[in-house]
Structures are given as structure tokens and as C-alpha cells.
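In the numbering used here, the protein residues as written are 725 to 1116.
For each residue, glycine too, the CB sits at the ideal point set by N, CA and C.
Treat the numbers as computed from the prediction; the structure is a model and nothing was measured.
The structure appears below as C-alpha cells.
Following this line, the structure appears as C-alpha cells:
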């Protein structure tokens, strides 16, 4: 295979598309306008487009570039939804402006992950202009709901027949090749007490005090269950964070309710969400057995499994070969401490999937940006990979 395909990546066209995507707000739950735009853009570049999903107002966009045989099928996956911008006055650039400053393109979703979506579409443009004839199919998936777990997005697609032989989730960051990511188990815990006057605490049950006991017990889990033995070489150890604690009404009242949100990061290879769940349940059950006044209610918020593919998988080898041809160097293999939608494909349907995306900063924060040069690099690698794997 020649090195010709990446040369057809058009920097100006790619940059212009990324800016257009950033200018369309698409906070999770509000992806409809961006979905409509992407469907039209995919049709314009010659893809067979389907717009579909579980909820009428939150639809995924799938574009297929057909080859002569239809096998293998290579999936490029990216999410349309973003987190909110937060306090707008804190931004130095317009969060929906797509402004260019010192080699960076600024705006909510620029790095996470509208640059990746733009690179996916530019891949099709470049392949068509190169004149390469494809044997296999290239499937572009622009999905909803990733920021809240991907249940209506990638999960819905794989469970409704949208599957391939190999897949790339086009985010991750830093132009690294991510072969694994951590899982995420989120739980909301409430302690139920009995309100009374703060001057007579013996007549009530202080829900905040009870929550302190719960918090201390949860924070002791790493030592109790020997988390140091579960450190993954690429993602690091398991993590637990008490993300939210709130309770009480005013100073002179014993509070009858306290709420806490716990975030538990689950490492691949060494553990599962179910194991994290069992640890929580064991600790909470022991506390309740020791304290008859402790009343607890729990609600699971998210349960994303970790995922990993072996470095010997053909998709990893193919990505390294494509990077060498397109960029002149091999990619650093790494593990994500967060998660992508890769787990839905890896764990549910054994589709070998890695993550690869642009370089940038301030993801989920003020002044999010993506480095312009890295968008071009991603598009070149994706174009070369598609040519290597799908050409007739």
C-alpha cells in the first residue's frame, strides 16, 4: 500500500468542519441539531446514512461507505454529546465559537470529541479523492449519550446489529493508542435519620454523623481489599472518590437526611464492576449490622465495565503500521483512566476496539481546546488505516 491516501487530507476543510461542529451546542440530551447536521454532511460526501435510535429526539447517525465485497467492516465511532459549558463568564473564548488561538481551536466539545468526528468524515473525503477502490466497508458512527454511559448510543447500535470486525473509538487524547480503559461504578448513598432540635440530639438520629461513618468505611476499602495488588500497568490502580456530600437544613436542627455520591474507577484485567459492587455491599452491610440506627438507601448511577484488548491484536498492529506510514512514527501504547464507548464493542460482542484521538486540554473544563495539528494527524492515520484494511 502506498502512502498516498493521507496526502488527500485537506487541512482547511477539516479545520472548517471542526469549527462548524463546535458551533452547534450538543449537551447530553440535546444532540438532535448536531445529528441532523452530521446526517446531511455524511450524505453530501456520499455515505449511505441511517438516523436511528431508542428515543425519537436522541438519534444516532450511521454512515456507510460500501466496498465491493462488504468485508471486513471497519468501524469509526465518535460521540456527539458534550458536557455543559458551566459558567460562561469564566471562558476567555466563546465556548461555541470555534475560535483559533495560538494553534488551538477552542470551544466546548472541541477535544471531547468533535475534532474526532470531523476527522472521521475527512477520512471519507480523502479516500474518495485518492481514487482507492475499497473491498470492505467503512462504518462511521456518531452516537448520543456517551457522557452518561452510552446506553442510548453505542450500546443501542451494537445490540441492534451494527457490528464490525475491527473498531476505532476516535477519542482518547494525546495521539496515543489506547488499548484499554478503566470502568466506572457510581453510587448514590442516602442515610436516613430523625430530625430534632440540635440542643437535644439524643432525641433524634443525625444523618450526617451516620454518613461520616459510611464515608470512613468506604475510604478504608482500598487497604481492606488490597487494591495495591490490582494496579494495571497502563491504567494504574483502582480509585474511589467521594464526589458529593450534602445534608441538613440549618444550624440548630439535627439533620434527618444526608446524601453522598461515590465514584469508583475499576481497572481492567484485575476486577469488574460486580466486584466493586460486592465490596460496597459488604461494607454497608457490616455497618448496619453494628448500628441498628443506621438506615441506608442506595441507587446505582452508572456501571461501565473496564475493557482491554491485547497488544498483539491485529487492530493494534494495523494502527501502528498506519501511523508509521502516515506520520513517520509508531504510537505510544497507553491506557485510559477514564472510559470511552469501546467497552460496549469489546465486552458485548468481542469486536477488537482501540481508542485514538486528538491532543488538547481542559476537557470538561473552562477553555477546552484541541491542537489543530493533531486533528490533521488523526485524520491521516484514520485514512491510512482504512486504505490498508479495506482496499481491494
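Residue from the options whose Cα sits closest to the Cα of residue i
| i | options | result |
| --- | --- | --- |
| residue 936 | 915, 955 and 824 | 915 |
| residue 778 | 867, 932 and 819 | 867 |
| residue 752 | 870, 921 and 1083 | 870 |
| residue 970 | 912, 801 and 1072 | 912 |
| residue 880 | 982, 853, 775 and 917 | 775 |
| residue 889 | 1100, 1112, 1091 and 1075 | 1075 |
| residue 833 | 744, 965, 733 and 1053 | 744 |
| residue 800 | 981, 894 and 944 | 894 |
| residue 853 | 731, 1041 and 1007 | 731 |
| residue 1053 | 899, 1067 and 1068 | 899 |
| residue 785 | 759, 965, 1102 and 954 | 759 |
| residue 1003 | 1034, 983 and 938 | 938 |
| residue 975 | 986, 754 and 922 | 922 |
| residue 769 | 842, 958 and 1057 | 842 |
| residue 1035 | 780, 1100 and 958 | 958 |
| residue 740 | 1050, 822, 1022 and 855 | 822 |
| residue 781 | 804, 754, 764 and 773 | 754 |
| residue 1021 | 1051, 874 and 917 | 917 |
Close beta carbons around residue i, own chain, < 7 angstroms, minus the five adjacent residues each side
| i | result |
| --- | --- |
| residue 726 | Here the model assigns residue 726 a pLDDT of 46, short of 50, so the residue's position is not dependable, and the following value carries that caveat. So no residue of the chain qualifies. |
| residue 896 | 902, 1060, 1064, 1079, 1080 and 1081 |
| residue 825 | 817 |
| residue 1011 | 937, 938, 941 and 1018 |
| residue 1046 | 1105, 1108, 1109 and 1112 |
| residue 887 | 1073 and 1075 |
| residue 1009 | none |
| residue 765 | 845 |
| residue 1051 | 1101, 1104 and 1105 |
| residue 856 | 729, 1111 and 1115 |
Alpha carbon of residue i to alpha carbon of residue j, nearest angstrom
| i | j | result |
| --- | --- | --- |
| residue 1063 | residue 838 | 17 angstroms |
| residue 1031 | residue 884 | 21 angstroms |
| residue 1048 | residue 1001 | 42 angstroms |
| residue 845 | residue 1107 | 10 angstroms |
| residue 1111 | residue 729 | 7 angstroms |
| residue 919 | residue 933 | 12 angstroms |
| residue 802 | residue 876 | 13 angstroms |
| residue 1019 | residue 966 | 19 angstroms |
| residue 738 | residue 944 | 49 angstroms |
| residue 820 | residue 806 | 12 angstroms |
| residue 963 | residue 946 | 8 angstroms |
| residue 828 | residue 840 | 15 angstroms |
| residue 956 | residue 999 | 16 angstroms |
| residue 815 | residue 830 | 10 angstroms |
| residue 767 | residue 734 | 19 angstroms |
| residue 987 | residue 1092 | 23 angstroms |
| residue 813 | residue 736 | 30 angstroms |
| residue 1057 | residue 927 | 59 angstroms |
| residue 960 | residue 950 | 14 angstroms |
| residue 1102 | residue 1007 | 45 angstroms |
| residue 1084 | residue 980 | 45 angstroms |
| residue 1013 | residue 968 | 25 angstroms |
| residue 1086 | residue 850 | 30 angstroms |
Distance between beta carbons of residue j and residue i, contact taken as under 8 angstroms
| i | j | result |
| --- | --- | --- |
| residue 817 | residue 1094 | In fact, because the Cβ distance is near 12 angstroms, the residues do not count as touching under 8 angstroms. |
| residue 1038 | residue 904 | Not confirmed; about 16 angstroms, so no contact. |
| residue 940 | residue 978 | Between residue 978 and residue 940 the Cβ distance is about 20 angstroms, and since that is not below 8 angstroms, they are no contact. |
| residue 1069 | residue 878 | 7 angstroms |
| residue 948 | residue 995 | Contact doesn't hold; Cβ gap of about 14 angstroms is too wide. |
| residue 1099 | residue 742 | 6 angstroms |
Cut-off 8 angstroms between Cβ atoms - residues of its own chain near residue i, not counting five sequence neighbours on either side
| i | result |
| --- | --- |
| residue 1114 | 791, 796, 798, 858, 859, 860, 861 and 862 |
| residue 1043 | 892, 901, 1055, 1078, 1080, 1105 and 1109 |
| residue 771 | 787, 788, 789, 848 and 864 |
| residue 1088 | 807 and 836 |
| residue 1015 | 934 and 937 |
| residue 952 | 946 and 961 |
Own chain, CB closer than 6 angstroms to residue i, minus 5 neighbours either side, in chain order
| i | result |
| --- | --- |
| residue 872 | 752 |
| residue 1072 | 882 |
| residue 757 | 748 |
| residue 810 | none |
| residue 762 | 785 and 866 |
| residue 997 | 907, 909, 990, 1027 and 1029 |
| residue 1097 | none |
| residue 1122 | The shown model of the chain, from 725 to 1116, leaves out residue 1122, and the question about it has no answer. |
| residue 982 | 915, 931, 932, 935 and 971 |
| residue 793 | 859 |
| residue 750 | 758, 804, 805 and 806 |
| residue 1023 | 912 |
Could you name each continuous beta strand (DSSP E) segment of 3 residues or more that falls completely within the segment 767-851, going from the start of the chain to the end? 772-779, 782-789, 797-803 and 828-830
Ranges of the beta strand (DSSP E) found wholly within the segment 956-997, counting only runs of at least 3: 963-971 and 981-990
Completely contained beta strand (DSSP E) runs for the segment 905-962, where each covers 3 or more residues: 907-916
Quick one: complete beta strand (DSSP E) runs, 3+ long, within the segment 1046-1078? 1057-1060
Could you tell me which whole alpha helix (DSSP H) segments of length 4 or greater appear in the segment 1087-1116? 1096-1114
In the segment 860-886, which residue ranges form an unbroken alpha helix (DSSP H) of at least 4 residues, counting only runs that do not cross its ends? 878-883
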